[in-house]
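Colleague:
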Amino acid sequence: MDTHTKVLSSGIRHSNLPESYIRPESERPRLSEVLPCKDVPVIDLGCEDRTKIAQLIGDACANYGFFQVVNHGVTIEDVEKMLGAADEFFKLPVEEKLKLYSDDPSKTMRLSTSFNVNKEKVHNWRDYLRLHCYPLHQYVPEWPSNPPSFKEIVSNYCAEVRKLGFRLQELISESLGLEGDYIKRVLGEQGQHMAVNYYPPCPEPELTYGLPGHTDPNALTILLQDSQVSGLQVLQNGKWFAVNPHPNAFVINIGDQLQALSNGKYKSVWHRAVVNAEKARMSVASFLCPHDDAVISPATQQHGVGAIYRDFTYAEYYKKFWSRNLDQEHCLELFKN
Ligand code: OGA
Ligand code: NI
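All the letters of the sequence shown, read from the start, carry residue numbers 1 to 337 under full-length UniProt numbering.
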């Protein structure tokens, strides 16, 4: 790639899809076959009945791997500021953004494109800013200083989302019949990463992806979707479903680590982002990740079922994940007993 084509958000509107983004026929999204938003559960965290919330979350994790939350405690103002900062960042002149460009996944702060440009055969119609977010005092200094309010807005958002993530981990623990602090305890001091995803309008959305089908390698993902433009799809029973934006909701999904910790009871489900011809789409994904040294092993064993996966450290898992292409087999398959 030459410098001009390093990122998609260059201010140039593409009139056709470059060859390197075109998927072979059998791998295309087949958008006309995608089913409209199915009932990805919307769970009200403001509900008084905690047992009920935990039960709804448990059902969602076991059956869908995905759910949405409302009354989640992050204010509308904080959410809007986050989206505003993301928008301003991607509107910066391309020369300014390219100062932050890297395709090295080990960098703790980088603007990049597609997924893993050095490993993948076909590229994806996405630019993304990847940040490490915990501990904030360690990482904020390396974040973009443009727009000028970026650091303050995003660090505030990260702190709020982290609180929500821990609340959800508590409810997930309870839903598995474990002590409330179980997940938090075994995952150790959790890292937090953010991907600010920008999907520009795409001349041929039928031929490519924003992100191809993948599962998230971390423990728990808290996704803020663009409130206007849909694009997230999840796989259920072999079919893709659109998860259209729900007002003031976050989309939550179980990552590979909670699938392993629950011995396969809770699912880290395949999902993808598709693009569209007219509108740019933004999403902000926050990932809670076990500490590198945390040993992931099953907390629960269903009667008569042995441990499905061998024990591993998160560091080992994460290294394996980034050594591969995004749309290969489920990374957890490589850790099966
Ligand atoms: C991700 C992801 C979906 C989206 O960043 O891992 O799945 O809608 N994003 O952007
Ligand atoms: Ni994902």
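All C-beta atoms, glycine included, are put in the ideal place defined by N, C-alpha and C.
1) Would Lys151 pass as a contact of Val140 if the rule is Cβ separation under 8 Å?
2) For the beta strand (DSSP E) that Asp127 lies in, which residues bound it at each end?
3) Name the one or two DSSP bridge partners that Val69 has.
4) Quick one: give me the first and last residue of the alpha helix (DSSP H) that Thr51 is part of.
5) Would Ile153 pass as a contact of Leu261 if the rule is Cβ separation under 8 Å?
6) If you run the structure through DSSP and keep just helix, strand and coil, what is Leu111?
7) Which two residues bound the contiguous alpha helix (DSSP H) that contains Leu171?
8) Is Asp311 close to the ligand NI? I mean its beta-carbon at under 7 Å from any heavy atom of the ligand.
9) What did DSSP end up calling Pro290 once you bin it into helix, strand or coil?
10) Could you say which of Pro200, Tyr134, Pro105, Ala277 lies nearest to Ile12 if we only look at CA atoms?
11) Can you tell me which of Trp270, Gln257, Gly304, Ile296 puts its alpha carbon nearest to the alpha carbon of Gln328?
12) Does the beta-carbon distance from Tyr318 to Pro217 come in below 8 Å?
13) My guess is that Asn263 and Pro298 are in contact by the Cβ rule of under 8 Å, so how many angstroms apart are they, rounded?
14) Taking the alpha helix (DSSP H) that Thr79 falls in, what are its first and last residues?
15) Is any non-hydrogen atom of the ligand MG found closer than 7 Å to the C-beta of His193, if you look at the structure I gave you?
16) In the DSSP assignment, find the unbroken beta strand (DSSP E) run with Val234 in it and report its ends.
17) Taking the alpha-carbon positions, what's the Tyr134 to Leu220 distance?
18) Figure out for me which residue from Ser106, Glu142, His193 has the closest Cα to the Cα of Met323.
19) Where do the N-terminal and C-terminal ends of the beta strand (DSSP E) with Lys6 fall, by residue?
20) Is any non-hydrogen atom of the ligand NI found closer than 7 Å to the C-beta of His214, if you look at the structure I gave you?
21) Where does Ile183 sit, in a helix, a strand or coil, going by DSSP?
22) Per DSSP, Phe241 forms a beta bridge with which residues?
23) Quick test of the definition: if touching needs 3 or more C-beta pairs under 8 Å, does the segment 19–37 touch the segment 236–245?
24) Using a threshold of 8 Å, state whether the C-beta atoms of Met82 and Leu224 are closer than that.
25) Keeping to the same chain, check which residues put their C-beta closer than 6 Å to that of Arg167; ignore five residues upstream and five downstream.
26) Name the residue from Lys91, Asn118, Val196, Leu98 whose alpha carbon lies nearest to the alpha carbon of Ser20.
Modeller: Looking at the coordinates:
1) The residue you call residue 151 lines up with position 151 of the sequence shown. The residue you call residue 140 lines up with position 140 of the sequence shown. Against a cut-off of 8 Å, the Cβ pair of Val140 and Lys151 comes out as a contact.
2) Within the sequence shown, numbered from 1, the residue matching residue 127 stands at position 127. Run containing Asp127: 127–132, per the beta strand (DSSP E) assignment.
3) Translated into the one-based positions of the sequence shown, residue 69 becomes position 69. DSSP lists Ile43, Phe250 as partners of Val69.
4) Position 51 of the sequence shown, counting from 1, holds the residue named residue 51. It spans 50–63 - the alpha helix (DSSP H) in which Thr51 sits, taken as one unbroken run.
5) Here residue 153 refers to the residue found at position 153 of the sequence shown. Here residue 261 refers to the residue found at position 261 of the sequence shown. No. Outside cutoff.
6) Taking the first residue of the sequence shown as 1, we reach residue 111 at position 111. DSSP places Leu111 in strand when its eight states are reduced to three.
7) The residue you call residue 171 lines up with position 171 of the sequence shown. Its alpha helix (DSSP H) spans residues 150–175.
8) By 1-based counting over the sequence shown, the position of residue 311 is 311. No, the Cβ of Asp311 stays beyond 7 Å of every heavy atom of the ligand NI.
9) The residue you call residue 290 lines up with position 290 of the sequence shown. Here Pro290 sits in coil by DSSP.
10) If you number the sequence shown from 1, residue 12 lands on position 12. Ranking Pro200, Tyr134, Pro105, Ala277 by Cα distance to Ile12 puts Pro200 first.
11) The count along the sequence shown starts at 1 and reaches residue 328 at position 328. Answer by Cα proximity: Trp270.
12) Position 318 of the sequence shown holds residue 318. Position 217 of the sequence shown holds residue 217. Yes. Within cutoff.
13) Indexing the sequence shown from 1 puts residue 263 at position 263. Indexing the sequence shown from 1 puts residue 298 at position 298. Indeed they touch by this definition, with Cβ atoms about 4 Å apart.
14) Translated into positions along the sequence shown, residue 79 becomes position 79. Inspection of the sequence shows that residue 79 is occupied by Val rather than by Thr. Where Val79 is concerned, the enclosing alpha helix (DSSP H) stretches over 76–91.
15) This structure simply doesn't include the ligand MG; it includes the ligand OGA and the ligand NI instead.
16) Along the sequence shown, read from residue 1 onward, the residue named residue 234 stands at position 234. Run containing Val234: 232–236, per the beta strand (DSSP E) assignment.
17) If you number the sequence shown from 1, residue 134 lands on position 134. If you number the sequence shown from 1, residue 220 lands on position 220. Rounded to whole angstroms, Tyr134 to Leu220 spans 15 Å at the Cα level.
18) Within the sequence shown, residue 323 is the residue found at index 323, counting from 1. According to the sequence provided, residue 323 is Ser. The question's Met does not apply to it. When only C-alpha atoms are compared, the closest one is Ser106.
19) Within the sequence shown, numbered from 1, the residue matching residue 6 stands at position 6. First-last for Lys6: undefined, no H or E at that position.
20) In the sequence shown, the residue the question calls residue 214 occupies position 214. Yes, Cβ of His214 sits closer than 7 Å to a heavy atom of the ligand NI.
21) Counting from one through the sequence shown, the residue named residue 183 turns up at place 183. Of the three classes helix, strand and coil, the one that applies to Ile183 here is helix, per DSSP.
22) One-based indexing of the sequence shown puts residue 241 at position 241. According to DSSP, Phe241 bridges with Leu35, Val234.
23) yes
24) On the sequence shown, residue 82 is found 82 positions in, with the first residue counted as 1. On the sequence shown, residue 224 is found 224 positions in, with the first residue counted as 1. Yes, these two residues count as a Cβ contact at 8 Å.
25) For this step, residue 167 is matched to residue 167 along the sequence shown. Excluding positions up to five away in sequence, the list is empty.
26) Translated into positions along the sequence shown, residue 20 becomes position 20. For Ser20, the nearest C-alpha among the options comes from Asn118.
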